[in-house]
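Just so we're aligned: 14 in UniProt numbering is position 14 of the sequence shown, and the numbers increase by one with no gaps anywhere.
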Amino acid sequence: MSEPRRPMHRGPGGPPGAAVEKAKNFRGTLRKLLSYIGSYRFGVLAVLIFAVGSTIFNISGPKILSKSITILYEGLVAKLSGTGAIDFARIGKILLLLLGIYLLSAGFAFIQGWIMTGITQKVCFRMRREISEKINRLPLGYFESRTVGEVLSRITNDVDTLGQSLNQSVTQLITSVTTIVGVLIMMLTISPLMTLIALVILPVSLLFVMLVVRISQKYFRAQQKYLGDINGQIEETFSGHNVVRV
């Protein structure tokens with residue numbers, strides 16, 4: 001017969017996985033996070049420059065492409081009326097310029113992504129080191145009320161999630177602001193009326209996004225909670241197997 005599995009160590013009346021809590025001091029937490037990033041201010045500045053450059057090149061592409069379409073249309077009309085032909089040489093130069101712009105945009109995006117990934121990895125390493133140092137100073141009561149899997153989840157999964165969110169958020173914040181400003185300027189130069197219509201629809205889209213974020217936030221917290229539960233269950237199960245083998 002197999003040995004009975006060792007129950008999970010939950011502490012006095014504690015659940016197998018604690019609920020994901022909000023930060024008690026949001027401003028203090030944000031200030032602490034910004035202090036981590038502030039240690040790499042020159043890297044963040046480089047990310048800002050390359051992200052803005054990549055976005056500007058990407059936005060200017062359609063405007064340049066429209067010139068080649070205009071030349072193609074005018075040449076086709078001239079050819080049909082017998083007064084001229086399509087200027088393929090000029091179109092080719094514009095397309096080569098467009099290719100160069102998109103290559104620069106891709107290169108800038110790659111560089112800013114590479115720099116930002118390095119920054120987030122260093123931030124995560126610092127967080128794990130400080131968490132490890134703090135764990136050595138925590139009282140035993142903390143570990144009695146939590147499973148080993150939950151503690152490990154805080155060090156691994158939660159820090160990884162924070163690093164991924166930080167990597168994406170900083171880059172998306174820079175590119176989104178630059179894109180909104182650049183596209184707005186581009187739209188005004190093309191058609192002020194269409195720009196006005198788009199601005200009228202924008203608040204409706206913003207309300208929809210806020211609704212989706214509010215609904216999805218509770219599922220994200222539940223995901224992190226269940227992830228801690230699973231880690232705790234796996235750790236206790238395999239620890240029990242080791243005890244049985246011994």
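Glycine included, each C-beta is placed from N, C-alpha and C at the ideal position. It should be emphasised that the depicted structure is a prediction, and the values quoted were computed from it without experimental measurement.
By Cβ distance, which residues of its chain are closer than 7 Å to residue i, with the 5 residues on each side in sequence left out?
| i | result |
| --- | --- |
| Ile86 | Leu72, Gly75, Leu76 and Lys79 |
| Leu95 | Ser68 |
Suppose you measure from the CA of residue i to the CA of residue j; what does that come to, to the nearest Å?
| i | j | result |
| --- | --- | --- |
| Val52 | Gly82 | 46 Å |
| Ile101 | Leu184 | 20 Å |
| Gln217 | Leu211 | 10 Å |
| Ala46 | Met127 | 23 Å |
| Leu104 | Thr237 | 52 Å |
| residue 247 | Leu188 | The chain is shown from 1 up to 246; residue 247 falls before or after that span and cannot be answered. |
| Tyr41 | Leu48 | According to the sequence shown, residue 41 is Arg rather than Tyr. Their Cα atoms are separated by approximately 10 Å. |
| Asp181 | Arg137 | The identity of residue 181 in the sequence shown is Val, whereas the question assumes Asp. In a straight line, the C-alpha of Val181 is about 49 Å away from that of Arg137. |
| Ile91 | Ile59 | 19 Å |
| Gly141 | Ser132 | 17 Å |
| Lys32 | Arg146 | 25 Å |
| Ser205 | Ile135 | 44 Å |
| Gly232 | Glu150 | 6 Å |
| Asn157 | Phe125 | 13 Å |
| Phe208 | Ala198 | 15 Å |
Thinking residue i and residue j are a contact (beta carbons under 8 Å), I'd like their distance in whole angstroms, please.
| i | j | result |
| --- | --- | --- |
| Gly43 | Ile119 | 5 Å |
| Thr179 | Gly113 | Wrong, their Cβ atoms sit about 16 Å apart, outside the cutoff. |
| Leu98 | Ile64 | 5 Å |
Can you list, in chain order, the residues of its chain with a C-beta nearer than 6 Å to that of residue i? Leave out the 5 residues immediately preceding and following it.
| i | result |
| --- | --- |
| Val123 | Tyr36 |
| Phe50 | Phe108, Ile111 and Gln112 |
| Ile115 | Gly43, Ala46 and Val47 |
In this structure, does DSSP put residue i in helix, strand or coil?
| i | result |
| --- | --- |
| Asp229 | helix |
| Thr70 | helix |
| Tyr40 | coil |
| Ile86 | coil |
| Val191 | The sequence shown places Ser at residue 191, rather than the Val named in the question. Residue state, collapsed to three classes: coil. |
Output needed for residue i: all residues of its chain with C-beta closer than 8 Å, excluding positions within five of it in sequence on either side, in chain order.
| i | result |
| --- | --- |
| Leu193 | none |
Using only the heavy atoms of the ligand PLP, determine whether one of them is closer than 7 Å to the beta carbon of residue i.
| i | result |
| --- | --- |
| Phe220 | In the structure on display, the ligand PLP does not appear, and there are no ligands present to speak of. |
> Whole alpha helix (DSSP H) runs in the segment 151 to 176 with 4 or more residues, listed along the chain?
Replying inline: none
>> To test your reading of the DSSP string, which unbroken beta strand (DSSP E) runs of 3 or more residues are found completely within the segment 96 to 159?
In response: Fully enclosed beta strand (DSSP E) runs of 3 or longer: not present.
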